[in-house]
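**Student:** Residue numbers (full-length UniProt numbering), protein chains in the order written: chain A, 1 to 203; chain B, 1 to 203.
Let me give you the structure first, and then I'll get to my questions.
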DNA sequence: CGTATGCTCAAACGATCGTTTGAATCGCGT
DNA sequence: ACGCGATTCAAACGATCGTTTGAGCATACG
């Protein structure tokens, strides 16, 4: 077995792009393998099925994304972090991912998956990355003690919707020529954090 | 030609349900017509094509929804309405639509369409209902003069994402047995309005 | 050298898709 | 009662889908 099959990676990269553009059903394996320059049967050989390929596209990005989120969260002083800091730990890794060309496509894939309400995919996400969301929710609960449990979950859901919506469009937003990429990213992070903080903590 | 063909309406109603459940590509005309109890060819006879059927599903709901939104907006005292009132004019009709059983499905269809970034559908929505969004944006600009144009658009986009996300899940949220439907709706409207107002108007 | 083993390839499989067709049936004005 | 347009119907069309197959090629190991 090859340790890093070029065919496997080309399929994954092309799949990410085409899933973002045409959706999971809309992107056929024939279009996908043709665009990747590999044989049609290579997908089933390397991944087993189209659905397993979808899961692998998610796993590759989300493993890194959620590891970064947890690392940022744990780096904060336990029990003393501010709401803005916790939000930054949640938002910045996602925005950094959506900032480079290929990661931006993945955020659109993610937004699509949210909207599709696909039960298999939701179970996959919950099983593999639910613990991350749980840790952040616990932090939010500590920082917003005046909110009831239902109210807190509700606001987090609203913030999640806003962020998903925003990041699925990020990267397509025209950036002014007089600010650097890093500056643009930082400004966007600050906007998102302030928006989320305002929505979460209002009385 | 029949003025209100039962076949036409059954197709539209079933299409809304199945598009919400399985997406536009995922719901086939064979499943759809079988569930509606009509012949397969009836879709192409009454609507011309599957894509025209999709547009008609949108048109039927959005005509009423946006008319209600504009009526609520114009009923406000011109130039003196508060941010919360304008938000209510925007949010309440959508939530009322998503409150009855069939409208709730439509909101999921709408959320799906947002995530799919389909160019044809976006053009259709922009051409037919763009003027509504423009009027609300003008009101927001009047009420939030301290925000730059770019900043305002950005926050409206975030609010739109949050609302779409929330309303696509609304109706699935379990309602406590001790509050009436009307009460539940009103509480939800108030939550959404306060969340949106906080996100829009924060410094 | 011979032969496993990992991988690629063209071709085909059955299933399902949206659409079209032409005949059968319905419903109403004259 | 008759005729005609509107509607429904079963059947078929070509296209495309995900998956499987078996032969061919490569590389490494005994």
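We put the beta carbon where it would ideally sit given N, CA and C, even for glycine.
Can you tell me which of the three DSSP states residue 40 of chain B falls into?
**Tutor:** In the second chain, residue 40 of chain B corresponds to position 40, counting from 1. Of the three classes helix, strand and coil, the one that applies to residue 40 of chain B here is coil, per DSSP.
**Student:** Where do the ends of the alpha helix (DSSP H) carrying residue 12 of chain B lie?
**Tutor:** Here the question's residue 12 of chain B lines up with position 12 in the second chain. Unbroken alpha helix (DSSP H) run through residue 12 of chain B: 6-26.
**Student:** Find the residues of chain B that neighbour residue 55 of chain A, judging by a C-beta separation of less than 7 angstroms, and give them in chain order.
**Tutor:** In the first chain, residue 55 of chain A corresponds to position 55, counting from 1. Residues of chain B passing the Cβ test: none, with the nearest at roughly 18 angstroms.
**Student:** For residue 126 of chain A, count neighbouring Cβ atoms within 10 angstroms of its own Cβ and tell me buried if that reaches 16, exposed if not.
**Tutor:** Translated into the one-based positions of the first chain, residue 126 of chain A becomes position 126. It counts as exposed.
**Student:** Excluding the five sequence neighbours on either side, which residues of its own chain have a C-beta within less than 7 angstroms of the C-beta of residue 131 of chain A, listed in chain order?
**Tutor:** Working through the first chain from its first residue, we reach residue 131 of chain A at position 131. Answer for residue 131 of chain A: no residue qualifies.
**Student:** At a Cβ threshold of 8 angstroms, is residue 122 of chain A touching chain B?
**Tutor:** Taking the first residue of the first chain as position 1, residue 122 of chain A is located at position 122. No, residue 122 of chain A lies away from the interface with chain B (no Cβ there is under 8 angstroms from its Cβ).
**Student:** For residue 58 of chain B versus residue 115 of chain A, is the C-beta spacing smaller than 8 angstroms?
**Tutor:** Along the second chain, one-based indexing puts residue 58 of chain B at 58. Along the first chain, one-based indexing puts residue 115 of chain A at 115. No. Outside cutoff.
**Student:** Just to make sure I have the definition right: I need the residues of chain A whose C-beta is within less than 9 angstroms of the C-beta of residue 48 of chain B. Which are they?
**Tutor:** In the second chain, residue 48 of chain B corresponds to position 48, counting from 1. Those do not exist, as residue 48 of chain B stays about 21 angstroms from chain A at its closest Cβ, beyond 9 angstroms.
**Student:** What residue ranges within the segment 118-148 of chain A form continuous alpha helix (DSSP H) runs of no fewer than 4 residues, ordered along the chain?
**Tutor:** Listed in chain order, they are 119-143.
**Student:** Considering only residues of the segment 44-126 of chain A, which uninterrupted alpha helix (DSSP H) runs meet the minimum length of 4 residues and lie entirely inside it, listed in chain order?
**Tutor:** 50-75, 83-97, 101-116
**Student:** Shorter than 8 angstroms from the beta carbon of residue 30 of chain B to some beta carbon of chain A?
**Tutor:** Stepping through the second chain from its first residue, residue 30 of chain B is reached at position 30. By this cut-off, residue 30 of chain B is not an interface position.
**Student:** Restricting to Cα atoms, I'd like to know which of A:190, A:62, A:106, A:65 is closest to residue 20 of chain A.
**Tutor:** As a position in the first chain, residue 20 of chain A is number 20, starting the count at 1. That would be A:106, whose Cα lies nearest to the Cα of residue 20 of chain A.
**Student:** Show which residues of chain A have a CB atom less than 9 angstroms away from the CB atom of residue 130 of chain B.
**Tutor:** Walking along the second chain from the start, residue 130 of chain B turns up at place 130. By Cβ distance, chain A contributes nothing, its closest Cβ being about 17 angstroms from residue 130 of chain B, past 9 angstroms.
**Student:** What distance in whole Å lies between the Cβ atoms of residue 32 of chain A and residue 61 of chain A, which are believed to be in contact at a cut-off of 8 angstroms?
**Tutor:** Numbered from its first residue, the first chain carries residue 61 of chain A at position 61. Numbered from its first residue, the first chain carries residue 32 of chain A at position 32. Actually they are not in contact, since the Cβ atoms of residue 61 of chain A and residue 32 of chain A sit about 17 angstroms apart, beyond 8 angstroms.
**Student:** Does residue 49 of chain B pass the burial test, meaning 16 or more other C-beta atoms within 10 Å, or should it be called exposed?
**Tutor:** Stepping through the second chain from its first residue, residue 49 of chain B is reached at position 49. Classification of residue 49 of chain B: exposed, given that the 10 Å Cβ count is below 16.
**Student:** Tell me, please, whether the CB atom of residue 195 of chain A is closer than 8 angstroms to any CB atom in chain B?
**Tutor:** Along the first chain, read from residue 1 onward, the residue named residue 195 of chain A stands at position 195. It does: the Cβ of residue 195 of chain A has a partner Cβ on chain B nearer than 8 angstroms.
**Student:** Quick one: what's got a C-beta closer than 7 angstroms to residue 90 of chain A's C-beta in the same chain, skipping five residues either side?
**Tutor:** The residue given as residue 90 of chain A occupies position 90 in the first chain. The residues are 69, 136.
**Student:** Output, in chain order, the set of chain A residues within a Cβ distance shorter than 8 angstroms of residue 114 of chain B.
**Tutor:** Here the question's residue 114 of chain B lines up with position 114 in the second chain. Correct list: 115, 165.
**Student:** Using beta carbons (cut-off 8 angstroms, strictly below), is residue 157 of chain B in contact with chain A?
**Tutor:** Residue 157 of chain B sits at position 157 when you count from the first residue of the second chain. Yes, residue 157 of chain B counts as interfacial toward chain A.
**Student:** Going by beta-carbon coordinates alone, are residue 155 of chain B and residue 195 of chain A separated by less than 8 angstroms?
**Tutor:** Position 155 of the second chain, counting from 1, holds the residue named residue 155 of chain B. Position 195 of the first chain, counting from 1, holds the residue named residue 195 of chain A. Taking 8 angstroms as the Cβ cut-off, residue 155 of chain B and residue 195 of chain A qualify as a contacting pair.
**Student:** How many angstroms separate the CA atom of residue 123 of chain A from the CA atom of residue 129 of chain A?
**Tutor:** On the first chain, position 123 is the one that residue 123 of chain A refers to. On the first chain, position 129 is the one that residue 129 of chain A refers to. Straight-line Cα distance between these residues: approximately 10 angstroms.
**Student:** What distance in whole Å lies between the Cβ atoms of residue 103 of chain A and residue 198 of chain B, which are believed to be in contact at a cut-off of 8 angstroms?
**Tutor:** Within the second chain, the letter at position 198 stands for residue 198 of chain B. Within the first chain, the letter at position 103 stands for residue 103 of chain A. Residue 198 of chain B to residue 103 of chain A, Cβ: 30 angstroms. No contact.
**Student:** Does DSSP put residue 165 of chain A in a helix, a strand or coil?
**Tutor:** As a working note, residue 165 of chain A is residue 165 in the first chain. DSSP places residue 165 of chain A in helix when its eight states are reduced to three.
**Student:** Mind checking residue 205 of chain A: buried by the 16 CB within 10 Å criterion, or exposed?
**Tutor:** Absent from the model: residue 205 of chain A. The displayed extent of chain A is 1 to 203, so no value can be given.
**Student:** Comparing alpha-carbon positions, which option in A:10, A:143, A:84, A:75 lies nearest residue 56 of chain A?
**Tutor:** By one-based count along the first chain, residue 56 of chain A stands at place 56. If we check each option's Cα against that of residue 56 of chain A, A:10 comes out closest.
**Student:** With a Cβ-Cβ cutoff of 8 angstroms, do residue 188 of chain B and residue 110 of chain B count as a contact?
**Tutor:** Along the second chain, read from residue 1 onward, the residue named residue 188 of chain B stands at position 188. Along the second chain, read from residue 1 onward, the residue named residue 110 of chain B stands at position 110. No; because the gap between Cβ atoms is not below 8 angstroms, this pair is not in contact.
**Student:** Between residue 174 of chain B and residue 182 of chain A, what straight-line distance do the alpha-carbon atoms span, to the nearest angstrom?
**Tutor:** In the second chain, residue 174 of chain B corresponds to position 174, counting from 1. In the first chain, residue 182 of chain A corresponds to position 182, counting from 1. Residue placement at residue 174 of chain B is poorly supported in this model, since its pLDDT is 45, which falls under 50; the coordinates still yield a value, given next. For residue 174 of chain B and residue 182 of chain A, the distance between alpha carbons rounds to 43 angstroms.
**Student:** Can you tell me whether residue 191 of chain B is helix, strand or coil according to DSSP?
**Tutor:** Stepping through the second chain from its first residue, residue 191 of chain B is reached at position 191. Here residue 191 of chain B sits in helix by DSSP.
**Student:** Alpha carbon to alpha carbon, what distance is there between residue 133 of chain B and residue 168 of chain B?
**Tutor:** As a position in the second chain, residue 168 of chain B is number 168, starting the count at 1. As a position in the second chain, residue 133 of chain B is number 133, starting the count at 1. Using only the alpha carbons, I get a separation of about 19 angstroms.
**Student:** What's the call for residue 142 of chain B, buried or exposed, on a 16-neighbour Cβ count within 10 Å?
**Tutor:** Stepping through the second chain from its first residue, residue 142 of chain B is reached at position 142. The residue is exposed, with fewer than 16 neighbouring Cβ atoms inside 10 Å.
**Student:** Of all the options B:83, B:79, B:92, B:54, which has the alpha carbon lying nearest to the alpha carbon of residue 72 of chain B?
**Tutor:** For the purposes of this step, residue 72 of chain B is taken as the residue at position 72 of the second chain. Out of B:83, B:79, B:92, B:54, B:92 has the C-alpha closest to the C-alpha of residue 72 of chain B.
**Student:** Could you work out which residues of chain B lie near residue 198 of chain A, taking near to mean beta carbons separated by less than 7 angstroms?
**Tutor:** Sequence index remark: in the first chain, residue 198 of chain A carries index 198 (1-based). 198, 199, 202, listed in chain order.
**Student:** With DSSP run on the structure shown, which of helix, strand or coil describes residue 184 of chain A?
**Tutor:** On the first chain, position 184 is the one that residue 184 of chain A refers to. The answer is helix: DSSP assigns residue 184 of chain A an H, G or I state.
**Student:** Find out if the Cβ-Cβ distance for the pair residue 117 of chain A, residue 108 of chain B is shorter than 8 angstroms.
**Tutor:** Here the question's residue 117 of chain A lines up with position 117 in the first chain. Here the question's residue 108 of chain B lines up with position 108 in the second chain. Contact: yes.
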